[in-house]
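Residue numbers (our numbering), protein chains in the order written: chain A, 53 to 347; chain B, 14 to 280. C-beta: ideal position from N, C-alpha, C; glycine also. Quick caveat, the model's predicted, so the values are computed rather than measured.
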Amino acid sequence: MKILAALDSSRDNSYIIKEVARLAANTWADVTLLGIEPESVSAQQPPFTKMDRRTEDHPLVTSLRQGRSLFLKHFGDDGSPYTHTTVTSELVEVERGLWEDLQVCRGSIKRLNSRLRPGNPGRAILDEARHSPCDLIVVANSSAAGGPELTKYVKKVILDADTSVWMVAESKTPHRIVACLDHDNVSQPSLELINQMVTLYSADLEIAGLTSKDVLAGDVDHRMAEIVKYYAENQIKALVRLVEGSRLETFATQAAHGNLLALWMGKKSLLSRFFHPRAVDKLLGVAESSLLILR
Amino acid sequence: MIKALVSVYPDLASVIAMNYVCRLSRIFDMEIQPIFVKELEEANKAPAVGWVRQTWENSLLDVEQEAMNKLIEAEKTEYARLASLQVYSGNRQEAILDNLLQGGYDLFVEGSVSRFEKSELLRRTRSRLYQNLPCPAIIARNLIDFDKVLIVIGEMSPAAALLPRLTRLFAGASLRFDLLHCTIIEAGPLEPVHPQHGLFDEADDLLAAVGWQPENRIALQGTPKDLGSRIGEYSMVATTLPAHPERHGGLLELLSNTPLPVLFCRP
């Protein structure tokens, strides 16, 4: 598994790093920690330049290095798959036409990359996800200053990413994973990701199929049967429920309280129609809930 | 040996039912007879009349029968003693009732998927099939491993009506169970009821006569929602089938608030 975790330099990222570390420990994932700027960069904060690469106290640099340190601390020194075992020399172009021979640590079993992409945070995350394809993007559920709405970049990533997105709410251990689907295009990696979430939180699992005029489409019916049996074979109790499409918003809003809501999004899925930016705000309330978009 | 009739249809609920009854057969000695009843299309939906229509209906039936056989084959386990699928055309409830009566079955099983905001249980228990059941019935709602059963008694589920049928069904088997005496209220907190003298006496006498012993006796008072949430850790709940479901005193609402398979015994 490849995880991309976005660390907003203006916020405390300790809880998102803890969740990413726990998931990475269970899955032995390759992880990229991506430092991003906050949406509204304060006037006092200088823009990040090439010279800042040597700066110890630039907020982006500080935040990223703290995040990296916290991530590695979760694993300790012994037996960490991210511990480097060798030091090698690599020539790096520090300026146009100027190369420096740097000592670089390599040799870990799994990769931990620490990267910065200054500028628009939403674009930064999506660009990094395309540059280095990942299986899961992790962002924090953080409200915009002074209001209950999600920050724009979080909404942008949820709506526009090509891969699954996990929006983590601070200090909220979900009791149940509620996974909704209305199409049959459910990938094996997404099934396994739900499996991992159930294990991570020791949570119950509920699979909700969307009906249209009280009828469940044949392909969805068939796929739900396969999904339920897949989890049964993996010793996971998966409860099933049907939800009428017209009641989805009510159901999802209720389901999101105290639980992790997971949505299997398809191209023509009712769920994607439901996922208008304003609906996302309403669904997730005031920085309360975790959300998993499965693609 | 428990002789069970299982209603199947090419849908998710039937996958749950077949899978569930095959799991039960690991624990109880069972013979399983799947039955598929194809309800006739209305005349104005048929593409034609006469032999053309008959051919069309037969080919639809063949397709569905093949789907049924695949479903049964997929759910079959090494423990399940499965008979060949029986296929009928006609009124589903009548066909199943006839088979239950003529076949001398001990148990009827069908699947169901819970719905948000709607209770399937009220609709089913009011049906002609359920109001005339000659044997207990299991509505299998989820794939839950069989471990411990909760037997619900109380004013809406008298022990004298429930326990003889239950003990006869599982005679000879080793069943782990708790007894719950519940008092359903419209509002108020969920709280234990201090067992009055004699609250479990009738149940204890009936169970002792066949050598059964509950692991726990629990007396609770609460709303259907709270009681339903409390009993989620069991693998099945057994109770009587309300004679008048529309005046069920909250029992069906309680059962709707749990994801558990339900075993109904007609009083």
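Member of the options whose CA lies at the smallest distance from the CA of residue i
i	options	result
B/V100	B/A222, B/A186, B/L18, B/R139	B/L18
A/V238	A/A308, A/S141, A/L346, A/R228	A/L346
A/D256	A/S115, A/R148, A/Y283, A/N78	A/Y283
B/F129	B/T271, B/N112, B/L276, B/C195	B/T271
A/L51	A/Q155, A/N172, A/F127, A/D266	Any answer about residue 51 of chain A is impossible in this case: the structure gives chain A only from 53 up to 347.
B/S20	B/K83, B/M14, B/R178, B/G124	B/G124
B/E52	B/L175, B/Y22, B/A80	B/Y22
A/T138	A/S121, A/I161, A/L122	A/I161
A/I246	A/L150, A/L343, A/D130, A/H274	A/L343
B/A96	B/R105, B/G116, B/A173	B/G116
A/D266	A/G174, A/L300, A/H136, A/A76	A/L300
A/R74	A/K125, A/H110, A/S62	A/K125
A/L122	A/N65, A/G131, A/G310, A/L150	A/N65
A/A308	A/R169, A/K224, A/D273	A/K224
A/S341	A/A81, A/E296, A/R228, A/E278	A/R228
A/A81	A/S298, A/A57, A/M53	A/M53
A/Y134	A/T140, A/R148, A/C157	A/C157
B/L114	B/P177, B/K89, B/Y143, B/T138	B/Y143
B/S102	B/E246, B/D217, B/I48, B/E86	B/I48
B/G185	B/R94, B/I40, B/E215	B/I40
A/A290	A/E278, A/E296, A/S298	A/E278
CB contact flag (residue i, residue j, <8 Å)
i	j	result
B/C278	B/P149	yes
B/T236	B/E199	yes
B/N145	B/L110	yes
B/L192	B/V162	no
B/A30	B/V122	yes
B/M249	B/L220	no
A/A213	A/L262	no
A/A176	A/L116	no
B/T196	B/W225	no
A/V191	A/V217	yes
A/V292	A/I68	no
B/T253	B/P280	yes
A/Q240	A/N78	no
A/G310	A/P226	yes
B/L233	B/L267	no
B/L264	B/S132	no
B/G167	B/H194	yes
B/D42	B/M81	no
A/G119	A/H136	no
Counterpart residues of residue i in DSSP-defined beta bridges
i	result
A/I88	A/D60
B/H194	B/I166, B/A232
B/V275	B/I152, B/V250
B/Q46	B/L18
A/C157	A/V139
A/S264	A/V267
A/D82	A/K54
B/R189	B/K161
B/Q99	B/I48
A/M219	A/V191, A/L343
A/R117	For A/R117, which the question treats as bridged, DSSP gives no partner whatsoever.
A/R6	What the structure shows of chain A is the stretch from 53 to 347, and residue 6 of chain A is not part of that stretch, so it cannot be assessed.
B/G124	B/A153
A/S166	A/L85
A/L233	A/G261
A/L313	A/V230, A/L343
A/W151	A/E145
A/A290	A/L257
B/R94	B/E44
- [ ] Taking a Cβ distance cut-off of 7 Å, strictly less, list which residues of the stretch 140-168 of chain B are near chain A, in chain order.
- [x] N155, L156, I157
Open item on the list: So if I threshold CB-CB distances at 7 Å, which residues from the stretch 103-135 of chain B count as touching chain A?
Closed with: V126, S127, R128, F129, E130
- [ ] Check distances from the C-beta atoms of the stretch 208-237 of chain A to those of chain C and list, in chain order, the residues that come in under 9 Å.
- [x] Protein chains in the displayed structure are A and B, and chain C is not among them.
Task: chain B contacts from the stretch 286-297 of chain A (Cβ-Cβ distance under 8 Å) - done: K289, A290, L291, V292, R293, L294, V295, E296
- [ ] Report yes or no: do three or more beta-carbon pairs, one from the stretch 305-320 of chain A and one from the stretch 224-232 of chain A, lie closer than 8 Å?
- [x] yes
Open item on the list: I want to know whether the stretch 151-170 of chain B touches the stretch 29-48 of chain B - three or more CB-CB distances under 8 Å.
Closed with: yes
Open item on the list: Which residues of the stretch 197-214 of chain B have a Cβ closer than 8 Å to any Cβ of chain A? Give them in chain order.
Closed with: none
Task: Where the stretch 249-277 of chain B meets chain A: residues whose CB sits under 7 Å from a CB there - done: P272
Task: chain A contacts made by the stretch 24-43 of chain B, where a contact means CB separation under 8 Å - done: D24, L25, V28, I29, N32
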